Amino acid sequence: MGNRSETSPATAALTLRNVTKRFDGASGQVTALEDITLDVREGEFLAIVGPSGCGKSTLLSLLAGLEHTNEGAIKLGDQPVEAPGRDRLVMFQQDALFPWLNVLENVLFGLRLKPDLTEAERLESARYYLNLVGLGNKEKARPHELSGGMRQRVALARSLAPNPRVLLMDEPFSALDALTREQLYGDLQEIFTKRKKTIVLVTHNIREAVCLGDRVVLFSPNPGRVQQVFDVNLPRPRRMNDPALANLASEVTAALSARLAQ
Amino acid sequence: MASKLPRPVIPTLVALFILGGWEWFVRSGRVSEVLFPAPSHVLQWFWDSLLSGELLAATWVTMRRLIIGFAIGAALGVPLGALCARVRWVRDTLGVLALGLQTLPSVCWVPLALLWFGIREEAVLFVVVMGTLWAVVLAVQESVLNVPPLYLRAAQTMGSNGWHLWSRVIFPAALPGVLSGMKQGWAFAWRSLMAAEIFVVIVTGFGLGSLLNAGRELLRMDQVMGVMAVVMIVGLLADLIFFSPIESWLRRSRGLER
Numbered sequence: 012m013g014n015r016s017e018t019s020p021a022t023a024a025l026t027l028r029n030v031t032k033r034f035d036g037a038s039g040q041v042t043a044l045e046d047i048t049l050d051v052r053e054g055e056f057l058a059i060v061g062p063s064g065c066g067k068s069t070l071l072s073l074l075a076g077l078e079h080t081n082e083g084a085i086k087l088g089d090q091p092v093e094a095p096g097r098d099r100l101v102m103f104q105q106d107a108l109f110p111w112l113n114v115l116e117n118v119l120f121g122l123r124l125k126p127d128l129t130e131a132e133r134l135e136s137a138r139y140y141l142n143l144v145g146l147g148n149k150e151k152a153r154p155h156e157l158s159g160g161m162r163q164r165v166a167l168a169r170s171l172a173p174n175p176r177v178l179l180m181d182e183p184f185s186a187l188d189a190l191t192r193e194q195l196y197g198d199l200q201e202i203f204t205k206r207k208k209t210i211v212l213v214t215h216n217i218r219e220a221v222c223l224g225d226r227v228v229l230f231s232p233n234p235g236r237v238q239q240v241f242d243v244n245l246p247r248p249r250r251m252n253d254p255a256l257a258n259l260a261s262e263v264t265a266a267l268s269a270r271l272a273q
Numbered sequence: 004m005a006s007k008l009p010r011p012v013i014p015t016l017v018a019l020f021i022l023g024g025w026e027w028f029v030r031s032g033r034v035s036e037v038l039f040p041a042p043s044h045v046l047q048w049f050w051d052s053l054l055s056g057e058l059l060a061a062t063w064v065t066m067r068r069l070i071i072g073f074a075i076g077a078a079l080g081v082p083l084g085a086l087c088a089r090v091r092w093v094r095d096t097l098g099v100l101a102l103g104l105q106t107l108p109s110v111c112w113v114p115l116a117l118l119w120f121g122i123r124e125e126a127v128l129f130v131v132v133m134g135t136l137w138a139v140v141l142a143v144q145e146s147v148l149n150v151p152p153l154y155l156r157a158a159q160t161m162g163s164n165g166w167h168l169w170s171r172v173i174f175p176a177a178l179p180g181v182l183s184g185m186k187q188g189w190a191f192a193w194r195s196l197m198a199a200e201i202f203v204v205i206v207t208g209f210g211l212g213s214l215l216n217a218g219r220e221l222l223r224m225d226q227v228m229g230v231m232a233v234v235m236i237v238g239l240l241a242d243l244i245f246f247s248p249i250e251s252w253l254r255r256s257r258g259l260e261r
């Protein structure tokens with residue numbers, strides 16, 4: 012167990028070695044993550060799935076550098092991850108768009124923090140990604156004028172525009188309705204195939220994980236551990252109602268139920 | 004039937020009725036015109052003092068003090084409030100002090116201000132600053148502490164920190180709260196200035212409060228009432244012309260109201 016998730020360091024974008032994270036709770040220390048060893052390959056879409064309380068969101072915060080490990084090491088390439096950085100952008104469960112900026116300015120926010128770009132290059136890049144998510148005609152709109160799905164699309168464009176090495180996604184679709192979600196799965200796969208980005212997605216939706224991930228890592232709770240890793244060798248673009256996808260999803264569900272029943 | 008009338012009709016009729024009744028009551032000789040002037044007397048005073056320039060001069064003196072005092076109070080209050088929000092021990096000391104001093108009517112500062120600064124413009128300004136400052140400090144502290152952590156996390160992952168984070172994320176996010184704090188500070192400053200001007204004869208300038216007090220000394224109740232009306236109108240106008248438009252623009256542009 013866990014061995015299958017290690018690869019040679021040369022092809023790994025993110026490496027986690029024996030990562031443990033504890034929090035001070037009301038009734039003593041709580042271990043959120045225990046001894047996580049995991050590699051995310053360059054250009055891979057890795058989906059982390061598990062029930063609530065399995066520490067998957069904590070893991071994403073650690074990867075983002077917003078939290079620090081108690082034990083173990085996280086590296087991006089050969090650099091240790093210690094603080095937030097532009098090389099790892101995060102898409103949150105809520106869109107986290109700034110209401111005082113319009114759509115274009117929101118996408119430009121991260122780009123403006125890259126000093127090596129000219130303003131014209133920033134604008135070009137922002138517009139390119141807004142078009143990529145299908146919102147090229149909404150650049151002057153304020154976030155509150157958009158639907159939830161559109162806002163999450165803007166958030167996606169905002170995280171992609173500064174061209175991070177890794178995109179971290181923290182249940183970004185869970186607040187959306189099923190139809191919008193399905194549309195976004197399509198968009199995201201298209202972008203992923205086009206741009207070959209390394210993506211780590213955290214979700215509690217097993218079908219979503221199987222639909223999007225090249226590999227699905229199943230976490231088990233209390234404390235959070237890697238339970239099993241599944242390879243998804245289905246061709247893209249994948250549809251949620253594809254029977255092969257449903258089969259694999261039920262396989263993951265069965266593994267999870269077996270663990271929870273113990 | 005009533006619903007077909009334009010909305011201002013009824014309030015206007017009621018106001019005219021009350022003013023008319025008041026006018027009639029005074030003119031019927033039931034009360035002394037000196038102690039209780041009729042609306043027409045007040046209007047007459049208003050017109051005369053407007054023509055003589057007295058009213059505008061006094062309003063100008065008062066507005067200048069108010070604006071300078073408010074500007075100083077706000078300019079000090081914003082960084083102090085931000086500091087309170089940022090540093091725990093400053094919040095536990097200065098923040099708590101601000102909470103206490105905010106409940107103190109700032110006219111209580113008048114005796115100290117006179118001793119410290121003498122009967123000078125600075126004494127009035129000091130009282131106005133004390134009226135504004137603490138409300139602004141508390142509002143800024145509160146609104147900075149209430150900035151959604153998600154905005155900070157999102158900005159930090161995009162590489163924002165330090166001054167960039169403050170100027171591009173924390174302040175814009177806190178702005179609606181800061182503005183309502185400033186509005187409150189303005190109201191406090193206005194009250195404290197009136198109190199200071201009435202209680203303290205300032206040789207450096209004759210403001211609306213001094214004009215009101217002079218009316219008392221001259222037994223000119225038309226002047227007293229007239230100044231009271233002007234004070235009210237100036238307060239309303241400041242809100243209507245300055246604060247309300249900014250506030251509603253801010254709220255509309257963020258979708259907090261339509």
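So the sequence lines, in the order shown, correspond to chains G and Z. Per our numbering, the first sequence starts with residue 12, numbered consecutively. Per our numbering, the second sequence starts with residue 4, numbered consecutively. The beta-carbon is built from N, C-alpha and C at its ideal position, and this holds for glycine as well. Keep in mind that this is a model prediction, so the values were computed, not measured.
Would you kindly work out how many angstroms separate the C-alpha atoms of residue i and residue j, rounded to a whole number?
i        : j        : result
Z:LEU128 : G:LEU74  : 53 angstroms
G:CYS65  : G:PHE230 : 6 angstroms
Z:LEU16  : Z:ILE70  : 36 angstroms
G:PRO279 : G:ALA58  : Outside the shown range of chain G (12 to 273) lies residue 279 of chain G, about which nothing can therefore be said.
G:ARG15  : G:ASN244 : Here G:ARG15 scores only 47 on pLDDT, less than 50, and its place in the model should not be relied on; the value that follows carries that caveat. Near 15 angstroms, if we compare the C-alpha coordinates of G:ASN244 and G:ARG15.
G:ALA152 : G:GLY235 : 41 angstroms
G:GLY13  : Z:GLY103 : Unreliable placement is indicated for G:GLY13, whose pLDDT of 42 sits below 50; the coordinate value is still reported in the next sentence. Spanning the two alpha carbons is a distance of roughly 59 angstroms.
G:ARG169 : G:GLN163 : 10 angstroms
Z:LEU83  : Z:ALA241 : 25 angstroms
G:SER268 : Z:VAL139 : 56 angstroms
G:TYR140 : G:PRO62  : 33 angstroms
G:GLY6   : Z:TYR154 : With chain G represented from 12 up to 273, any question about residue 6 of chain G goes unanswered, as that position is not in the structure.
Z:ALA198 : Z:SER213 : 10 angstroms
Could one say the Cβ of residue i lies closer than 8 angstroms to chain G's Cβ atoms, at least one of them?
i        : result
Z:PRO248 : no
Z:GLU215 : Note that residue 215 of chain Z is Leu in the sequence shown, not Glu. Chain G, which has no Cβ nearer than 8 angstroms to the Cβ of Z:LEU215, makes this no.
Z:MET161 : yes
Z:LEU182 : no
Z:SER256 : yes
Z:ALA101 : no
Z:ALA199 : no
Z:ARG156 : yes
For residue i, is the classification buried or exposed, using 16 other Cβ atoms within 10 angstroms of its Cβ as the cut-off for buried?
i        : result
Z:MET224 : buried
Z:PRO248 : exposed
G:PRO173 : buried
Z:HIS44  : buried
Z:TRP92  : exposed
G:PRO20  : Confidence at G:PRO20 is low in this model, with a pLDDT of 47, below 50, so its placement is unreliable and the value that follows should be read with caution. Looking at its Cβ environment, which holds fewer than 16 other Cβ atoms inside 10 Å, G:PRO20 is exposed.
Z:TRP193 : buried
Z:SER256 : exposed
G:ALA272 : exposed
Z:PHE73  : buried
G:PHE120 : buried
Please check the pair residue i and residue j, which I expect to be a contact at CB under 8 angstroms, by giving their CB distance rounded to whole angstroms.
i        : j        : result
G:MET102 : G:ASP181 : 7 angstroms
G:ILE85  : G:VAL30  : 6 angstroms
Z:THR160 : Z:ALA77  : Rounded, the Cβ-Cβ distance is 33 angstroms, inconsistent with contact.
G:ARG218 : G:ALA260 : 5 angstroms
G:THR214 : G:VAL60  : 6 angstroms
Z:GLY210 : Z:THR106 : Wrong, their Cβ atoms sit about 26 angstroms apart, outside the cutoff.
G:ASP98  : G:ARG176 : 4 angstroms
Answer yes or no: does any C-beta atom of chain Z fall closer than 8 angstroms to that of residue i?
i        : result
G:GLY147 : no
G:LEU259 : no
G:HIS155 : yes
G:VAL144 : no
G:ALA107 : yes
G:GLY88  : no
G:PHE103 : yes
G:GLY274 : Residue 274 of chain G lies beyond the range of chain G shown here (12 to 273); nothing can be said about it.
By the criterion of Cβ-Cβ separation under 9 angstroms, what are the contact partners of residue i in chain A?
i       : result
G:ARG97 : The question asks about chain A, but that chain is absent: this structure's protein chains are G and Z.
Next item on the list: Could I get the ranges of all uninterrupted beta strand (DSSP E) runs contained in the region 62 to 143 of chain Z, with 3 residues as the minimum, in chain order?
Entry: none
Next item on the list: Could I get the ranges of all uninterrupted beta strand (DSSP E) runs contained in the region 181 to 233 of chain G, with 3 residues as the minimum, in chain order?
Entry: 209 to 214 and 226 to 231
Next item on the list: Tell me the start and end of each unbroken beta strand (DSSP E) in the region 50 to 80 of chain G that is at least 3 residues and wholly inside, in chain order.
Entry: 56 to 60
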